[in-house]
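Have a look at the structure below, then the notes.
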Amino acid sequence: WAKEGVLRSLNALYAKNNWKAALPPVMLQFLQQDDTFFSTPINMHRHNLVWANKAVFDKAGIAIPTSWDELIASAEKLKAIGVTPIAMSDESWQIEELFESMLIDVNGPDRKST
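Numbering (the working numbering) for the sequence shown: 1279 to 1392.
Shown next as C-alpha cells:
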C-alpha cells in the first residue's frame, strides 16, 4: 500500500512523540519503508511465565521456584530423581516466547537492542 501511495507518512507523529527512541530497533524495520513510517504497533503482549506441576514439586520436596537460579537448581534436583524437569513444544512460536522471556530476564527491560 505504501508503494501505491495510499498510505500517509507517520514520520511527524514518530518525531513528535519520540516513538523511534521508545521502540526496539528490530521492530522499527517492520514499521517503515525507505525511511518513512507507515505503521505503528498498537500494543505488545508478552507471556512471561513458566508452568510448574505442584504435585511433582511437592513429591520431590522442592519449593516452586521464584527465580531463574531457583528454577535451574530445582531442575537439577528433579532430574536426579528421574523427572524430566523442563519440557516444551517444538513449535517455533513457543520456543521464541521462552527465549525472549529469558533474554529479558537476564538482560533487563532496558536492553532493548540485545
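The beta-carbon is built from N, C-alpha and C at its ideal position, and this holds for glycine as well. None of the values given here were measured: they were computed from a predicted structure.
Coil, strand or helix - residue i by DSSP
i     : result
Q1307 : coil
T1392 : Caution is warranted here: a pLDDT of 46 is assigned to T1392, below 50, making its placement in the model unreliable, and the coordinate value is therefore given only provisionally. It is coil, neither helix nor strand.
F1335 : helix
V1384 : helix
F1316 : coil
A1280 : coil
I1359 : coil
I1364 : coil
L1349 : helix
Candidates the options: closest to residue i by CA position
i     : options                : result
F1335 : A1358, S1352 and S1379 : S1352
I1320 : D1313, L1309 and G1360 : L1309
L1291 : G1339, T1318 and E1375 : T1318
L1285 : F1316, L1349 and L1301 : F1316
Check whether residue i and residue j have beta carbons under 9 Å apart
i     : j     : result
A1293 : T1314 : no
I1342 : K1357 : no
Enclosing alpha helix (DSSP H) for residue i [first to last residue]
i     : result
I1342 : Unbroken run through I1342: none, as it is neither H nor E.
N1295 : N1289 to N1295
Beta-carbon separation (whole angstroms), residue i vs residue j, contact threshold 8 Å
i     : j     : result
W1346 : D1383 : 6 Å
K1470 : I1340 : Here the chain comprises residues numbered 1279 to 1392, so residue 1470 is not present and cannot be evaluated.
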